[in-house]
Structure formats: structure tokens, C-alpha cells
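If you read the sequence shown in this note's numbering, its first letter stands for residue 42, the second for the next number, and so on. I have placed the structure first, in the form of C-alpha cells, so that the comments after it can refer back to it.
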Amino acid sequence: MDIKGKTVCVIGGWGLVGSAVCRKLMERKPKRLIVTSLTKEEALEAVENLRKEYPYAGKDFFIPWWGNIFTRAEFKDLSREEILNDEQKRQCFISDILNELDNATLKKTAIYQLLTKYKPDIVIDCVNSATAIAYQNIFQSSLDVLREIKAAKASKNNKLIETVEKLLCTLYVPQLVRHVQVMYRSMTEAGTKIYVKIGTSGTGGMGLNIPYTHSEEKPSRVLLAKSSVAGAHTLLLFLMGRTPDAPITKEIKPTAAIAWKKIAYGDIKRRGKPIELFDCPPDKAYKLNGKLKIRIPDFVKSTGKNLKSVFIDTGENGIFSKNEFEAISMPGQMEYVTPEEIADVAVYEILGGNTGHDIINALDHATLEPTFRAGVMLESALKKMENLEKTFGVDSVAFEMLGPPRLSKLLFEAYLLKLGFNDMITVAKTNPEKLSKKLTEIITKNQNLRAQIISIGIPILMPDGKKLIRGNEIKIPPFRGENEFQIDQNKINLWAHDGWVDLRISNMKLWKSRFLKIFKEIEKIPKGDTSSRFLRTPEYWKNFRDIEPGKIVGWIFTVEELGERMKA
């Protein structure tokens with residue numbers, strides 16, 4: 042289909058992929074561009090940026106629209122909490138997703154009013170629908186219901202009714218089905234000719250052994266629910282594509298991390314707010330006896346500073362440290378694909394080209410895998426972050442946004458070894474007692490580093506295994522409605538493995554064994570072999586004269602935890 046002279050609606054146009062799609066579309070001279078996002082600020086910012094980049098386009102060429110596309114129009118600017126915590130609004134929401142879709146219900150929806158108002162010829166949907174639906178966490182809602190039922194048995198409790206209603210609002214399939222129904226009927230009535238969905242695999246292209254699970258079990262139920270919703274969405278779009286009066290339907294499914302929007306130094310923000318730094322001096326360490334509380338208000342005091350570092354902004358997926366980005370993008374891990382490549386594929390499919398990446402036509406072979414371009418650009422991205430580290434005198438280690446806390450724990454442990462011993466050879470030659478003592482000395486003296494670690498929710502287990510340097514909240518064990526846990530040695534070992542920086546001698550032995558395993562890997566490479574057979578060569582490890590936390594942790598996830606992706 043020729044894009045020239047056509048009205049195009051880019052849903053999620055403020056995001057990383059959506060922005061790239063908008064710029065790519067401009068090469069084809071559409072009639073006008075409707076750019077949507079969740080918030081007013083995002084939509085206006087997206088349009089303002091486009092107007093600056095394309096001043097010749099005209100005053101009314103770019104049209105901003107904002108709101109939640111999964112709700113009725115009157116709720117589109119409300120948060121999920123505002124809807125669910127209001128009894129009347131909650132009842133409306135349940136009715137909207139569970140009752141039959143009649144014309145009255147259809148015309149109340151935000152997406153219907155958007156599409157029928159502007160009647161776009163082409164719709165490109167860049168919203169991560171699976172995440173928006175699945176990360177409402179039906180599992181936690183179900184546990185809340187069970188907890189309230191138990192309480193209701195002991196005493197009359199009207200809270201049970203509200204909790205059950207919230208569970209109904211969290212059901213994945215009814216919300217997804219209703220969303221696709223509304224999209225289909227709205228586009229049909231609006232006369233839309235082509236619908237392109239930028240979908241998701243849910244795991245960045247990795248399998249059930251994916252190491253990144255947002256503090257939950259591996260693989261987590263919520264993450265698998267996200268993939269389930271993503272798969273269900275694809276099959277619903279497959280049906281839409283087989284419907285005579287529906288628009289031509291295509292789906293592009295990137296199977297890698299998507300990056301990047303910018304590289305910079307500044308405040309590290311979580312959910313839009315800077316991460317405040319707290320400190321727990323060793324003499325104020327939390328004593329591990331009795332019960333362990335995940336959250337203790339005012340246990341530690343603020344340093345009055347925010348966490349500042351070098352970061353790479355990956356759009357909707359958040360911001361990562363240099364080492365986090367290196368760990369997930371190394372070969373065998375999530376790797377990455379650029380938003381421009383996704384935009385190229387989407388626009389080429391609209392034009393009638395055959396990219397081989399339309400999953401509606403080829404469900405089994407149409408994923409957009411990590412790319413050569415991204416691989417070439419990786420070194421440049423890491424070098425930019427490294428230069429910024431030197432400029433601002435900081436080391437970009439971990440922010441605990443990617444998940445799991447085990448990633449941050451391992452990165453900081455590797456970083457401490459780097460600070461204390463410089464290279465892998467020295468660590469391998471040093472006895473575990475000295476390793477533990479040196480790392481403890483660094484933690485004791487380096488207040489800034491200590492504050493960074495505990496302020497992102499990663500506690501530090503002291504060598505005696507009985508004291509914990511921590512912040513007001515810790516990420517492991519994860520909070521699932523219970524704030525207290527009985528402490529015993531097995532649990533301490535489990536928690537330390539999953540997300541505590543562990544200064545015990547036993548953990549130092551483990552780190553030594555890891556480096557020795559890497560040395561043995563190199564020994565197996567035939568002398569004089571210069572072929573492409575081996576990736577992790579002595580040169581890859583800088584001849585062991587350095588410790589690169591991102592590479593080390595990537596190796597741990599790949600080799601030790603069997604978390605390597607099967608397809609490139």
C-alpha cells in the first residue's frame with residue numbers, strides 16, 4: 042500500500058519503537074500523523090519533537106492524542122488504581138470486559154473514539170499490550186482473594202467483595218479478547234486498510250531458562266503469563282487477518298531487547314522518581330535472628346543524595362547501567378535490536394514488501410532476531426558509557442530495574458572483586474579468607490558504594506552470616522503480601538544466592554571456582570587456532586588482566602545457569 046497521502050495513526054508513538062516508526066513514515070510523505078501515548082505529557086513531547094525535526098510538515102500535520110487504549114474514554118486518563126479503588130468505576134470496568142460487546146459499549150471505548158474520529162488508513166500499534174495486561178499480576182490478586190476469604194471466615198468482612206472484584210478486573214483473557222474485538226470493530230468502521238502490530242515474545246527471545254525474572258521464581262509465573270498473553274494476542278490477530286472485512290493485519294515480533302533512546306549521566310529514576318540514597322553503617326547492621334522483615338520504615342536514614350550514574354535509556358524497558366546492558370546484550374544472552382530496524386520492517390511490510398518477519402504469515406519463522414547492525418554498534422554504545430564513566434568519575438554497575446536482584450548482586454560482587462584485586466588471575470590466586478576480608482574492608486570504608494547497593498534494594502550479608510547491611514526495603518525475599526519471614530540458615534543461603542551481596546568465605550570460594558572454570562575453557566582451545574569457532578578467547582577476556590562485571594555475569598547466566606538462548 043502506498044503511504045503517500047494517507048492518514049496514519051501510530052499507537053504508542055512516544056515510545057522507543059513508535060518514535061522510530063514515525064520518523065520512518067515521514068520518508069513516505071503521509072497526509073497526517075496521529076501520535077498517541079499513555080499520558081498527555083508524552084504525546085505532546087512526541088509531537089513537539091517531530092515538529093522540530095520536520096518543520097516543513099505543517100501546523101496540523103502531527104496530531105497528539107493520549108490515554109489508556111484498554112479502557113472506556115471517560116477513564117482513559119485515570120490510573121488503574123483510581124479505577125479499581127472506586128466502586129462505581131470498578132463495576133463499569135468489569136462490565137466493559139466481561140459483558141457482551143454491544144454498540145453502546147463499543148462506542149464508549151477510548152480506542153473507538155480515537156479511530157472513528159480520525160479514520161486512519163493505516164494503524165501501527167507499538168504498545169506492548171502483553172506487558173500492559175499480564176503485569177497486572179493475576180497471581181498476586183488471587184492470593185489476596187484467598188487471604189481475604191480466610192479472614193472473612195473468622196469475621197464478617199466486606200473487604201472480600203472488593204478484593205474479588207479487583208481479581209475480576211485482572212483477568213487476562215477477557216481483557217485481551219475485548220481489546221482485539223474493539224480494535225477490529227473500530228478499525229472496520231473507521232475504514233482502516235492496514236493494521237501493523239509491534240508485538241512481543243515476552244522474554245526478549247529467550248526460553249524458559251531466562252535469567253531475568255523481576256524478583257520472581259525462574260521462570261516466573263507473571264513472565265510466562267506475559268508470553269501467554271503475547272501468544273494469545275498473535276492468534277487473535279491471525280484470526281483478524283483471516284476476516285474479509287478487517288484491515289490487512291500484520292505483526293512484527295522482536296525477539297531481543299530493544300535499544301536505545303539515549304546514553305547519558307544523571308539521576309537514576311524508578312517509575313519517574315530519582316532513587317534516593319540511604320546508608321547503613323556496619324555497626325547498625327540488621328541482626329538476623331527471629332523474623333526477617335522485607336520493609337522497615339525509617340530503618341536507615343537518607344544521605345540527602347540521589348543515585349547518579351551513567352545510563353542507557355531503552356525506552357519502555359527502563360534505564361540500565363553499563364554493566365547491566367553489557368550483560369544482557371552479550372552473545373548468548375538477550376542481545377538487542379535497534380528500533381530503527383523494527384521501523385524499517387514495519388514500513389516495508391505496509392508498502393507490500395516481503396521481509397519474512399510478518400508473524401501472521403509465518404508464525405514459526407518471522408521473529409526479528411538480534412541484528413548485525415546492533416552487534417556492530419554495541420562496542421560504540423559501551424565505549425560512550427565508558428567515556429562518560431571516566432568524565433564523571435563513576436562506575437555504572439547496577440540499578441536493579443531489569444531484574445532479577447541476582448543480576449545486581451552478581452554485578453556488585455564482581456565489581457567488588459575488581460576494586461579489591463584488579464584482575465581475574467589475582468582473584469584465582471588469592472585464598473577465600475583474604476577475598477572476604479578485602480571485600481568487607483571496601484564495604485566498610487566506601488560509604489558511597491555501600492549506599493548505592495542497599496538503596497536499590499540489595500542488602501549486604503556480612504562474613505559472619507549473621508548481620509545484614511540493608512535499606513528500608515529489600516528485593517529478596519520478594520514482597521507478595523507478607524512482610525515477615527522466619528529466619529533459618531537454609532533461607533539465609535537461599536536469599537543470599539538470589540539477591541544479597543554475599544561477603545562470606547563460601548561465596549568467595551565460588552567466585553574463585555568460576556574464574557578457574559573460565560581458565561579451563563581457554564585451555565581447551567587448540568593452540569594456534571584462529572578460526573571463528575571460539576567466541577570467548579583470551580582476547581575476549583583481555584588475557585584475564587581485568588575483571589569486566591557485565592561479561593562475567595553474562596558468562597554465569599550462560600554457562601553456570603544454563604541460560605543461553607538457543608537461536609541467535
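Note that CB positions come from ideal geometry on N, CA and C, so glycine has one too.
Any C-beta of chain C under 8 Å from that of residue i
{"i": "Asn489", "result": "The question asks about chain C, but that chain is absent: this structure has only one protein chain."}
Distance between residue j and residue i (C-alpha atoms, nearest Å)
{"i": "Ile202", "j": "Phe116", "result": "22 Å"}
{"i": "Thr290", "j": "Ile401", "result": "7 Å"}
{"i": "Leu333", "j": "Lys508", "result": "11 Å"}
{"i": "Gly108", "j": "Thr80", "result": "6 Å"}
{"i": "Val435", "j": "Ser477", "result": "24 Å"}
{"i": "Pro338", "j": "Arg491", "result": "19 Å"}
{"i": "Tyr377", "j": "Thr244", "result": "12 Å"}
{"i": "Met465", "j": "Pro260", "result": "31 Å"}
{"i": "Lys191", "j": "Asp127", "result": "24 Å"}
{"i": "Asn463", "j": "Leu217", "result": "51 Å"}
{"i": "Pro446", "j": "Arg606", "result": "20 Å"}
{"i": "Glu206", "j": "Glu189", "result": "12 Å"}
{"i": "Asp405", "j": "Thr296", "result": "The pLDDT assigned to Asp405 is 45, lower than 50, so where the model puts this residue is not dependable; a value taken from the coordinates is nonetheless given after this. Roughly 12 Å separates the two Cα atoms."}
{"i": "Gly356", "j": "Ala193", "result": "43 Å"}
{"i": "Asn524", "j": "Ile515", "result": "11 Å"}
{"i": "Arg422", "j": "Lys303", "result": "Checking the displayed sequence, the identity of residue 422 turns out to be Ala instead of Arg. Their backbone Cα atoms lie some 10 Å apart in a straight line."}
{"i": "Thr599", "j": "Asp185", "result": "36 Å"}
{"i": "Ile597", "j": "Leu535", "result": "17 Å"}
{"i": "Lys553", "j": "Trp301", "result": "35 Å"}
Bridge-paired residues (DSSP) for residue i
{"i": "Arg336", "result": "Glu514"}
{"i": "Lys328", "result": "Lys508"}
{"i": "Ile353", "result": "Ile304 and Phe361"}
{"i": "Asn428", "result": "DSSP output for Asn428 lists no bridge partner at all."}
{"i": "Phe103", "result": "Leu74"}
{"i": "Gln527", "result": "Lys332"}
{"i": "Asn347", "result": "Glu317"}
{"i": "Arg219", "result": "Note: Arg219 sits in no beta bridge, so no partner."}
{"i": "Cys133", "result": "None; Cys133 has no bridge partner."}
{"i": "Val468", "result": "Paired residues: none, contrary to the question."}
{"i": "Arg262", "result": "BP columns for Arg262 are empty, so no partner."}
{"i": "Cys50", "result": "Ile75 and Val164"}
{"i": "Ala298", "result": "Tyr377"}
Contacting residues, own chain, Cβ-Cβ under 6 Å from residue i (five flanking each side not counted)
{"i": "Lys65", "result": "Ala384 and Val388"}
{"i": "Ile124", "result": "Phe116, Lys130 and Phe134"}
{"i": "Thr48", "result": "Lys72, Arg73, Pro161 and Asp162"}
{"i": "Glu83", "result": "Trp55"}
{"i": "Asp587", "result": "Asp464"}
Residue i and residue j closer than 8 Å at C-beta
{"i": "Ala610", "j": "Pro380", "result": "A query on residue 610 cannot be resolved here, the shown segment of the chain reaching from 42 to 609 and no further."}
{"i": "Ile362", "j": "Ala271", "result": "Before going on, a small fix: residue 362 reads as Ser here, not Ile. Not in contact: Ser362 and Ala271 (Cβ atoms no closer than 8 Å)."}
{"i": "Pro71", "j": "Leu139", "result": "no"}
{"i": "Gly375", "j": "Ala455", "result": "Sequence inspection shows Met at residue 375; the Gly mentioned does not correspond to that position. Not in contact: Met375 and Ala455 (Cβ atoms no closer than 8 Å)."}
{"i": "Gly595", "j": "Met442", "result": "no"}
{"i": "Arg121", "j": "Lys149", "result": "no"}
{"i": "Glu292", "j": "Leu278", "result": "yes"}
{"i": "Phe111", "j": "His274", "result": "no"}
{"i": "Gly444", "j": "Tyr253", "result": "yes"}
{"i": "Lys450", "j": "Ile499", "result": "yes"}
{"i": "Ile566", "j": "Phe560", "result": "no"}
{"i": "Val341", "j": "Asp324", "result": "no"}
{"i": "Leu91", "j": "Phe103", "result": "yes"}
{"i": "Ile494", "j": "Ile483", "result": "no"}
{"i": "Ile52", "j": "Thr77", "result": "yes"}
{"i": "Leu156", "j": "Cys50", "result": "yes"}
{"i": "Glu2", "j": "Gly246", "result": "Since the displayed the chain opens at 42 and closes at 609, residue 2 lies outside it and no answer follows."}
{"i": "Leu318", "j": "Ser437", "result": "no"}
{"i": "Asn347", "j": "Ile316", "result": "yes"}
{"i": "Arg336", "j": "Asn489", "result": "no"}
{"i": "Lys479", "j": "Gly461", "result": "yes"}
Contacts around residue i, its chain only, beta-carbon distance under 7 Å, and the 5 residues preceding and following it disregarded
{"i": "Thr396", "result": "Val386, Tyr389 and Glu390"}
{"i": "Lys234", "result": "Met42, Asp162, Ile163, Pro288 and Ile289"}
{"i": "Glu562", "result": "Arg577"}
{"i": "Leu147", "result": "Tyr153, Val223 and Arg226"}
{"i": "Phe453", "result": "Val438, Ala439, Ile494, Ile499 and Val542"}
{"i": "Tyr581", "result": "none"}
Count the C-beta pairs between the stretch 584 to 596 and the stretch 367 to 384 that are closer than 8 Å, then say yes if the count reaches three, no if not. Three or more pairs of CB atoms, one per stretch, sit closer than 8 Å, so the stretch 584 to 596 contacts the stretch 367 to 384.
Within the chosen definition, does the stretch 345 to 352 reach the stretch 305 to 325 through at least 3 CB pairs nearer than 8 Å? Enough Cβ pairs lie closer than 8 Å, so yes.
Using a Cβ distance threshold of 8 Å, determine whether the stretch 313 to 329 contacts the stretch 507 to 521, with at least three qualifying pairs required. Between the stretch 313 to 329 and the stretch 507 to 521 there are three or more inter-stretch CB-CB distances shorter than 8 Å, so the stretches are counted as touching.
Contact between the stretch 158 to 177 and the stretch 232 to 248 (3+ Cβ pairs under 8 Å): Under the three-pair Cβ rule at 8 Å, the stretch 158 to 177 counts as touching the stretch 232 to 248.
Spell out a yes or no on whether the stretch 463 to 472 and the stretch 535 to 543 are touching, meaning 3 or more CB-CB pairs, one atom from each, closer than 8 Å. Touching, no, given that fewer than three Cβ pairs across the two stretches are closer than 8 Å.
Say whether the stretch 169 to 189 touches the stretch 258 to 266, bearing in mind that this needs 3 or more beta-carbon pairs closer than 8 Å, one atom from each stretch. The stretch 169 to 189 is in contact with the stretch 258 to 266.
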